[in-house]
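Asker: Numbering (my numbering), first residue to last: 1 to 334. If you scroll down you'll find the structure; I have some questions about it.
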């Protein structure tokens with residue numbers, strides 16, 4: 001008789017299944033079943049009833065799209081919203097996807113375009129003002145500081161540097177999160193990851209300082225900003241090379257090996273160019289030799305170009321990454 005009552009109970013539960021979905025009397029782990037459904041979206045679907053020991057309990061299984069009474073879950077709704085689906089009458093959200101490679105190339109090309117444009121305009125239209133120094137000797141190339149201090153060159157340079165600053169900080173934070181995922185608690189890689197972010201931020205800050213304070217306005221501030229930019233950039237590149245040396249040991253990707261090799265090469269080139277630029281700058285101020293300032297300007301260009309090339313290696317580091325900007329759809333029913 002006990003088995004007969006059990007069978008009758010199961011049949012009765014299956015017949016009344018739809019009714020139980022809307023009542024608060026039946027609970028699942030102490031939570032009313034009806035509370036699992038909000039705004040017409042059910043997270044689960046009641047499937048069948050069975051007997052466990054002396055008590056009846058509900059078996060809950062995920063709903064399927066082929067079911068007649070299928071209702072998508074909240075996560076499924078969010079996933080379809082990201083795919084551009086128009087669910088529950090909401091508008092499609094705005095989704096903008098940009099490859100990380102495009103972001104890095106744009107970040108490097110903006111200052112490159114600004115530098116080439118400023119030097120070209122200064123050489124063609126402001127040659128005497130851009131190449132003149134206190135020594136009054138012939139020079140044939142304008143320095144970067146002289147090129148970006150004239151008008152309209154200063155506005156072009158400030159526009160390019162200001163526009164590239166935010167994406168550059170994004171790249172710096174991306175590197176930081178990448179390092180933290182690789183070196184969770186390792187020493188000294190984990191502290192070096194934090195220092196890398198600090199010097200990257202400081203490098204960008206010094207670049208903004210020497211950009212918006214020209215040599216004709218406040219020469220001392222501009223000079224100190226340039227020196228701090230060079231020092232912070234070299235320290236940042238050195239830390240980055242150390243981190244990628246550790247990554248290369250445990251990585252099987254040829255992209256990581258190639259990235260590390262080129263980072264080291266650009267670092268060495270940058271240090272050499274800085275040395276020669278400083279040497280010719282000192283020689284020009286001490287002896288006022290003709291052509292010394294021209295060589296200083298040439299190596300100054302190479303310092304900046306090698307710095308840009310170093311930052312361009314991020315293309316290999318985040319080749320498959322995407323930057324996605326999403327504006328969630330808003331309910332406009334009042």
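We put the CB at the ideal spot given by N, CA and C, even for glycine.
(1) Do the CB positions of residue 199 and residue 236 come within less than 9 Å of each other?
(2) Where does residue 190 sit, in a helix, a strand or coil, going by DSSP?
(3) So what does DSSP say about residue 98, is it helix, strand or coil?
(4) Jot down the residue ranges of each uninterrupted alpha helix (DSSP H) in the region 290-318, minimum 4 residues, whole runs only, in chain order.
(5) For residue 136, which of 295, 287, 212, 187 has the nearest alpha-carbon?
(6) Find the nearest neighbour of residue 212 within the set 160, 189, 265, judged by alpha-carbon distance.
(7) Would you mind stating whether residue 228 and residue 206 have Cβ atoms separated by less than 9 Å?
(8) Taking only three categories from DSSP, how would you classify residue 148?
(9) Assuming residue 324 is part of the alpha helix (DSSP H), what are its boundary residues?
(10) Measuring CA to CA, which of 249, 179, 208, 289 is closest to residue 197?
(11) Determine the direct distance from the alpha carbon of residue 154 to that of residue 145, and round the result to whole angstroms.
(12) Hey, how far is the Cα of residue 128 from the Cα of residue 152?
(13) State the Cα-Cα distance for the pair residue 174 and residue 259, rounded to the nearest angstrom.
(14) Where does residue 165 fall in DSSP's three states?
(15) Does the distance from the C-beta atom of residue 319 to that of residue 176 stay below 9 Å?
Answerer: A quick look at the data gives this:
(1) Taking the chain shown and counting its residues from 1, the one referred to as residue 199 is at position 199. Taking the chain shown and counting its residues from 1, the one referred to as residue 236 is at position 236. Result yes, Cβ atoms of residue 199 and residue 236 sit closer than 9 Å.
(2) Your numbering for residue 190 matches position 190 in the chain shown. Looking at residue 190 - three-state DSSP - the assignment turns out to be helix.
(3) Indexing the chain shown from 1 puts residue 98 at position 98. Looking at residue 98 - three-state DSSP - the assignment turns out to be strand.
(4) Listed in chain order, they are 292-312, 314-317.
(5) In the chain shown, the residue the question calls residue 136 occupies position 136. Cα-wise, what sits closest to residue 136 is 287.
(6) The sequence position of residue 212 within the chain shown is 212, counting from 1. Measuring from the Cα of residue 212, the nearest candidate turns out to be 160.
(7) Reading the chain shown from its first residue, position 228 is the one you call residue 228. Reading the chain shown from its first residue, position 206 is the one you call residue 206. It is a contact, given that the beta carbons lie within the stated cut-off.
(8) Within the chain shown, residue 148 is the residue found at index 148, counting from 1. The DSSP-derived three-state label of residue 148 is coil.
(9) Here residue 324 refers to the residue found at position 324 of the chain shown. Note, residue 324: premise wrong, no alpha helix (DSSP H); beta strand (DSSP E) at 322-327.
(10) For this step, residue 197 is matched to residue 197 along the chain shown. Considering only alpha carbons, the answer is 179.
(11) Residue mapping note: residue 145 aligns to position 145 of the chain shown, counting from 1. Residue mapping note: residue 154 aligns to position 154 of the chain shown, counting from 1. Here the alpha carbon of residue 145 sits roughly 10 Å from the alpha carbon of residue 154.
(12) Position 128 of the chain shown, counted from the start, is the residue given in the question as residue 128. Position 152 of the chain shown, counted from the start, is the residue given in the question as residue 152. Each residue's alpha carbon lies about 16 Å from the other.
(13) Mapped onto the chain shown, residue 174 falls at position 174. Mapped onto the chain shown, residue 259 falls at position 259. Answer to the nearest angstrom: the Cα atoms are 16 Å apart.
(14) Here residue 165 corresponds to residue number 165 of the chain shown, with the count starting at 1. Correct three-state label for residue 165: helix.
(15) One-based indexing of the chain shown puts residue 319 at position 319. One-based indexing of the chain shown puts residue 176 at position 176. No.
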